[in-house]
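>
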Amino acid sequence: MSLTEWGARAAERGQLPDWIVRRGIRHLCGNRLLQTDRLNCEENQAALERFVEMLRASPVALVPEKANEQHYEVPAEFFEQTLGPHRKYSCCYWDPHVSDLGVAERRALEITCERAELFDGAEILELGCGWGSLTLWMAEHYPQSQITAVSNSASQRLEIERLAAKRGLTNVRVQTADMNVFTPDRQFDRVVSVEMFEHMRNYEELLRRIAGWLKPGGRLFVHIFTHDRLAYTFE
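The sequence shown begins at 1320 in my numbering and counts up by one.
What follows is the structure in structure tokens.
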């Protein structure tokens, strides 16, 4: 077992103080940059071009079942204990002086809807819906809209369907699908995706497909983690 593996297990068991966990995360991030940044503009550009060619030669997504093994098929009850009231399985937005997770979740959901320019009555497709935070938020705040949510996790689909029924939401449809083969049966006014594109590879092909899923004048909103200068796979 490597030191990194030992540290990750110890952190998951709550055996390490917060400051050590933070230092470990910073160390891992720093190492990734050291491995990626060649400290030379020409070499970095050449590496970027090779990276783009690798993406173009890849399937839309690699081994999506691995994500399920790691965390998507963890029981929903676990996330009831670890996430906020909206079960937002993506980053939150912390305004100054905010310390409440629920408030930060709500603010992030509001910002996503604002920037995606959603409107009531829109046909909306969410790619990578997680545990349903954005799906259910959109269904509640845009009651005339029809929401189609896609996840590659059956347990996530069942949990979102349960919560939608509990809240009396009838404008939500959830599909379990592999993004390599997913094809919707309709077009949409908006396609939104929050922290799913990190797990994709062939962005060019995925974006080509999404363009065909949009109605004339439709728009795509993507929230993705990136570095301002360097490109590397999300692992």
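Here a beta-carbon is modelled for each residue, glycine too, at the ideal position from N, C-alpha and C.
Keep in mind that this is a model prediction, so the values were computed, not measured.
1. So, using beta-carbon positions, are S1452 and L1428 closer together than 8 Å?
2. Hey, which unbroken runs of the beta strand (DSSP E) at 3 residues or more fall wholly within the stretch 1400 to 1447?
3. Using C-beta distances below 6 Å, list every residue in its chain close to L1539, excluding the 5 sequence neighbours before and after it, in chain order.
4. Taking just the CA atoms, how far does T1323 sit from F1516?
5. According to DSSP, what are the bridge partners of M1519?
6. Quick check on the DSSP output: the alpha helix (DSSP H) that includes Q1323 runs from which residue to which?
7. Is the stretch 1483 to 1494 in contact with the stretch 1453 to 1473, if contact means three or more CB pairs nearer than 8 Å?
8. Between the Cα of T1467 and the Cα atoms of L1477, Y1408, D1497, V1493, which residue gives the shortest distance?
9. Which residues mark the beginning and the end of the beta strand (DSSP E) in which T1467 is found?
10. Please confirm whether V1491 and T1552 have their CB atoms less than 8 Å apart.
11. Would you mind working out which of N1499, H1542, V1417 sits nearest S1512, comparing C-alpha positions?
12. Taking the alpha helix (DSSP H) that L1335 belongs to, which residues open and close that run?
13. Taking only the alpha-carbon atoms, compute the straight-line gap between S1377 and T1355 and give it to the nearest angstrom.
14. From the DSSP secondary-structure annotation, give me the bridge partner or partners of F1501.
15. Quick check on the burial criterion: 16 or more other C-beta atoms within 10 angstroms. Buried or exposed for R1357?
Concretely, from the data shown:
1. Yes.
2. 1442 to 1446
3. V1510, I1529
4. 26 Å
5. A1380
6. Here residue 1323 turns out to be Thr, not Gln, going by the sequence shown. Counting along the chain, the alpha helix (DSSP H) containing T1323 begins and ends at 1322 to 1331.
7. yes
8. V1493
9. 1465 to 1470
10. no
11. If we check each option's Cα against that of S1512, H1542 comes out closest.
12. DSSP places L1335 in no alpha helix (DSSP H); its state is neither H nor E.
13. 20 Å
14. F1501 pairs with nothing; no bridge assigned.
15. Label assigned to R1357: exposed.
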